[in-house]
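Presented below is the structure to which this report refers.
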Amino acid sequence: MDKYLNIGKSVKKIDATSLVTGAEKFTSDFKFENTLYIVILYSPHSHAEIMNIDTTKAENIEGVVDILHYKNVPRVLHTTAGQGYPEPSPYDTYLFDKKVRFVGDRVALVAANTKEAAVQAKDKIKVDYKVLTPLYNPEKAMENSAQQIHEDDEYAKIPVKYRPDINLAAEVEITLGDIKKGFQKADFIEEHIYRTQYASHCAIEPHAAASFFDERGRLVIISSTQVPFHVRRIVSSVLSIPAGMIRVIKPRIGGGFGGKQEVFLEPLVSLVTWRNKRPAKIILSRKEVFVSSRTRHPTRIRMKTGVENDGTITSLEMDGLMNAGAYGSHSLTVLSNIGAKVLPIFNKIENIHFIGRSVYTNLPIGGAYRGYGATQGYFAFNQHMDIIARKTNQDILEFFKRWHIQEGETSNVFKALGEGKEGVDQIIKSCKLDECIDRGAAAINWYNKRGKRIKSGKDRVKGVGMAVAMQGSGIPKIDMGSASMKMNEDGSFNLLVGATDLGTGSDTILAQIASEVLRIPVEKIIILSSDTDLTPFDVGAYASSTTYVSGSAVEKCARKIAEQIINVASNILKSKKENLLLDMGKVIDIRDKKAVSFEEISLYSLYEQDQFQIQSQASHVSSESPPPFIAQFVEVEVDIKTGRIYVIKFVSAVDCGQPIHPKLVEGQVEGSVVNGISYALWEDYLFDSKGRMTNNRFWDYKIYTATDIPEIETIVVSSYEETGPFGAKSVGEIAINGPAPAIANAIYDATGVRLFDIPFTPEKVYKKIKEAGRT
Amino acid sequence: MVSAYRPENLKEALLRRKEFRVIPFAGGTDLMVKGRRWSGLAPHFKLPVLFIGHLGELKNVELEQNCLRIGSCCTLSYLLENENMPQAIKIALWMFASPAIRNIGTIGGNICNASPAGDTLPVLYAVNASVVLKNMNGIREVPIEQFIKGVGKTVLQDDELLKEIIIPIKSFDIIYYRKIGTRKANALSKISFLGLAKMKNGLIEDIRISFGAVAPTVVGSREIEDRLKGKTKKDIKQIIPEICSQYSTLLKPIDDQRSNAYYRKTVSLRLLKHFLTTEIL
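The listed protein sequences derive, respectively, from chains A and B.
Adding 3 to a residue's 1-based position in the first sequence gives its number in the numbering used here.
Adding 8 to a residue's 1-based position in the second sequence gives its number in the numbering used here.
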């Protein structure tokens, strides 16, 4: 018999019916009378000083109520990164500044009775700019001749290197062992530069926020956010409104992927409501999401390795240069993760040097994006290892198995490098990467395809490639989640969590965890997530933390409830507590089989004797961040005539601990894979010579759609992480790390052509194939 | 505000056309994109809109002895399902945008939009299609290549509507169509190539070649096609470099969002070469 009642079962997603029937509400569905519609005016220049703003003409447009800009808003330095406090991102942002730093930077906002009037008025605002020299090339950002983008009085909230005077948004460096000695020992040196590009999260729901005053004059914010509690804190500090006067409600969210960790609209709607005592609302257009929200940071990663002829890596140097864009949101932590989430996977390398620099440019702002630096790092790492394995005539699968971290092992990197500062030491307690590699290879039929260059049709050739990766499960000793629970008289339970379901299904996962502890069907759990007035604190949905961190809080909370239930039952049944068991809404005495139902227990506790509410709360912060592991395999077909890459099949074999809900695990993996293939093949930000993004709409910025999706197979390898709730680790991000390097390795396998920069557009592939004379 | 007319029949539509300057609006799949404004606001058109997509007189497909007459407001989906539609046209329609767009977009709209990347155009050029233009006074028939004058430019007069498209009946044994877009559906062509041929006794009896998205309008040359007629496969092999270089001078692609001139030109010529060497048996 199955040990679990609800864990490992693909129960019906709690909001499934209400979502498909359209009953659920997203931010834009909330309508208020007398709403002010907000439209933002953005900078047409990539770098300029605002000499003056004249709003006279705009104010004269009928329906315009308020216009905000640098002259009339609080001038408070902050970061929009939406992280825990104190944030590791630099305080380099004002609501509206006197300076604009990229095409798409905020200049002013118009609040009007209609959107039409706001749009009209926006175009009537007269802004005098003094245009400054722009800086587009991150590789030149730190040169003496480069224009300084940020001001000297901006600062980092935590003790880290931050030098706006040289456009340095962040720097991290670690050295382990003796890198020079390692290189001397090597038989050969392998060194390459890998480049990754800008990308947009493309959550189907654009960023949106609304605010209003409730009956008692408190500010209520409804926002499409991943971080409701951080929203409350940041709005409070930027606008000097006491946190207790603010209530943040997270409705249903149409995807986040990191993009909605940023807190940049909530202060604006709040300020409009605060000044005008009217509800206010803003919904970004897709163009605004592309240009003025946040992106995946582009990187240039140089990998240098000393290698012995048997494949032993004697020294590894990783030098990452990250384009932070115009503001330093997540510029330190994403940068750190390029090393921190990648280097530990090959824990047997003794000599390591990692240096990362994030630099400001006059281009769109980077931020959190699923994978969070690991994606960029693994693109370099997996191609580099493929190159080394080929050069030393080794089977790449055996090569990975030989070098990757194993259960019971650690890596010096865990301690040396965390998210922006020192990390946390940990020993790996679960790692089934060998099995992931074997099962993934079998599913793609690896050995019958690798190196075979099978022709398909007159001008197409096939190849296979693979990649491995790990991620984390929350930020150890930082991320905290909490839950509270109470019992109702029908034996149902209210579960209140700060954790934020963005469409991920975490409400269902958390309800499964609670119901498993109490041994009741999932339907008995009534979950409410993310309302700062009602639910306890949670850092929010990021860093692959919800199942592992918030899930553990729910588990603890439910265990306390179980204890109270047993106590009451023991009074009713006159049984010893140790003889009592929870079973399907009953408490049973295992000796005499006497039983009492949850309903009876609840009624008893509420009405009969020593009355009290069965209720509890718990918080959880993890002292470690157990990584999930993945091996991903791809078969591609390269059209030699056109340079087009067709992905034929994509296999992911993942160790995410015990899957709480196998379908949702598959959903996360498949979503990440499609996201990752699209990023690898097509997605890119194109800029003209003035720094303007020219493909800022779905018409020109193509993402994978249903017709493009190849055969995708997801293998969930059986695993158990003792520190996680019911053995679970994270799964939300990891699978986006493999597609780009696996595809690059497969293109090489098919054609002998190595592509060091994403995306692999037909134009690029064709040119490379032609240059290599393979056509 | 958008003002719009919804005529009852073709005659009323033509009357409106005569009296006012209006934008004919069939499926609207291009116009709605062109007219769009800030998100959440109604689209904007410089002129009033004249809806014609619902007019039954513009939605017929008639098979005559030597030709097929296609009403301009037939949707692309409707044509795909029509049994009289030549295979060469169907192949192009299959690759057109997506089912949703094909369900509302019309063939007349695709022609009048006159985009270099219009996906019905290469095949219409190849099969020598012509268009019938009608105003209150009568009709005139214009060959497709004379109808389209440049990017977004046609000879359609302010008082005219595109009534139907005439396609001469002709069968081809070899149909080779490649549309290179970023993705499989809902993507504009980077380039498209169409090659049609009819073989008789090992000789090329008829051959048609068109290139899309590599110049302001579809590129084709009856002159070069004539040189290929009557040749064997072997003959063709010898003159391929010459043929390619002749087409090469006609291809004038540009760099844009979707691709670059180098890619467009070289890949177009590779597809041509592939058609001539491999597809023609």
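We put the CB at the ideal spot given by N, CA and C, even for glycine.
Computed from a predicted model, the values in this text were never measured in an experiment.
Inter-residue Cα distance where the pair is residue i and residue j
| i | j | result |
| --- | --- | --- |
| LEU22/B | GLU168/B | 7 angstroms |
| ILE706/A | VAL159/B | 27 angstroms |
| SER518/A | THR503/A | 19 angstroms |
| SER533/A | GLU492/A | 24 angstroms |
| VAL557/A | VAL520/A | 9 angstroms |
| ARG198/A | PRO162/A | 29 angstroms |
| LEU609/A | GLN616/A | 6 angstroms |
| PRO137/A | SER49/A | 6 angstroms |
| ILE316/A | LYS404/A | 14 angstroms |
| SER733/A | TYR551/A | 6 angstroms |
| PRO713/A | ALA193/B | 14 angstroms |
| GLY185/A | ILE528/A | 57 angstroms |
| GLN154/B | GLU774/A | 40 angstroms |
| TRP702/A | ALA195/B | 8 angstroms |
| GLU320/A | GLY342/A | 10 angstroms |
| PRO51/B | LEU366/A | 30 angstroms |
| LEU339/B | VAL131/B | Outside the modelled stretch of chain B, which goes from 9 to 289, sits residue 339/B, for which no answer is possible. |
Given residue i as reference, the closest of the options once Cα atoms are compared
| i | options | result |
| --- | --- | --- |
| THR710/A | HIS52/B, ASN90/B, TRP102/B | TRP102/B |
| HIS62/B | ARG235/B, CYS81/B, TRP46/B | CYS81/B |
| ILE286/A | THR645/A, LEU268/A, VAL238/A, GLY328/A | LEU268/A |
| TYR73/A | ILE591/A, ARG109/A, ASP586/A | ARG109/A |
| SER476/A | ALA544/A, ILE529/A, ILE41/A | ALA544/A |
| THR754/A | GLY588/A, LYS458/A, LEU531/A, ASN574/A | LYS458/A |
| LYS596/A | LEU585/A, GLU90/A, THR378/A | LEU585/A |
| GLU213/B | ARG230/B, LYS239/B, GLY228/B, GLY189/B | LYS239/B |
| ASP126/A | LEU171/A, ILE516/A, LEU112/A, VAL134/A | LEU112/A |
| ASP592/A | CYS205/A, GLU603/A, LEU576/A, TYR607/A | LEU576/A |
| MET325/A | ASN678/A, HIS407/A, ALA172/A, ALA572/A | ALA172/A |
Chain-ordered chain B contacts of residue i [CB-CB under 8 angstroms]
| i | result |
| --- | --- |
| TYR7/A | Result: empty, since nearest Cβ-Cβ is about 41 angstroms, beyond 8 angstroms. |
| ARG289/A | SER47 |
Buried/exposed call for residue i, threshold 16 Cβ in 10 Å
| i | result |
| --- | --- |
| MET54/A | exposed |
| ASP156/A | exposed |
| TYR450/A | exposed |
| LYS465/A | buried |
| LYS263/A | buried |
| GLU70/B | exposed |
| ASN63/A | exposed |
| GLN386/A | buried |
Check whether residue i and residue j have beta carbons under 7 angstroms apart
| i | j | result |
| --- | --- | --- |
| GLY323/A | ILE348/A | no |
| TYR330/A | ILE391/A | no |
| ILE128/A | ALA61/A | yes |
| PHE417/A | ALA743/A | no |
| ALA446/A | ILE633/A | no |
| GLN397/A | GLY314/A | yes |
| ALA327/A | SER296/A | no |
| PRO631/A | ILE718/A | no |
| ALA377/A | ASN740/A | yes |
| THR336/A | GLU422/A | yes |
| LYS260/B | ALA223/B | yes |
Contacts of residue i in chain A (Cβ-Cβ under 7 angstroms)
| i | result |
| --- | --- |
| LEU49/B | LYS118, GLU119, VAL122 |
| ASN194/B | THR708 |
Within chain B, the residues that residue i reaches when beta carbons sit closer than 9 angstroms
| i | result |
| --- | --- |
| PRO765/A | ILE188, THR190, LYS198, SER267, TYR271, VAL275 |
| VAL42/A | TRP46 |
| TRP449/A | Under the 9 angstroms cutoff, chain B gives no residues; its nearest Cβ is about 27 angstroms from TRP449/A. |
Contacts that residue i makes with chain B (C-beta to C-beta distance below 7 angstroms)
| i | result |
| --- | --- |
| TYR769/A | TYR271, VAL275 |
| LYS458/A | What LYS458/A touches in chain B: nothing, since even the nearest Cβ is about 14 angstroms away. |
| LYS705/A | THR190, ARG191, ALA195 |
8 angstroms Cβ cut-off: residues of chain A touching residue i
| i | result |
| --- | --- |
| HIS282/B | LYS461, ASP462, LYS644 |
| THR286/B | LYS461 |
Amino acids of chain A, ordered along the chain, whose beta-carbon sits closer than 9 angstroms to that of residue i
| i | result |
| --- | --- |
| LEU279/B | LYS644, THR645 |
| THR83/B | Those do not exist, as THR83/B stays about 19 angstroms from chain A at its closest Cβ, beyond 9 angstroms. |
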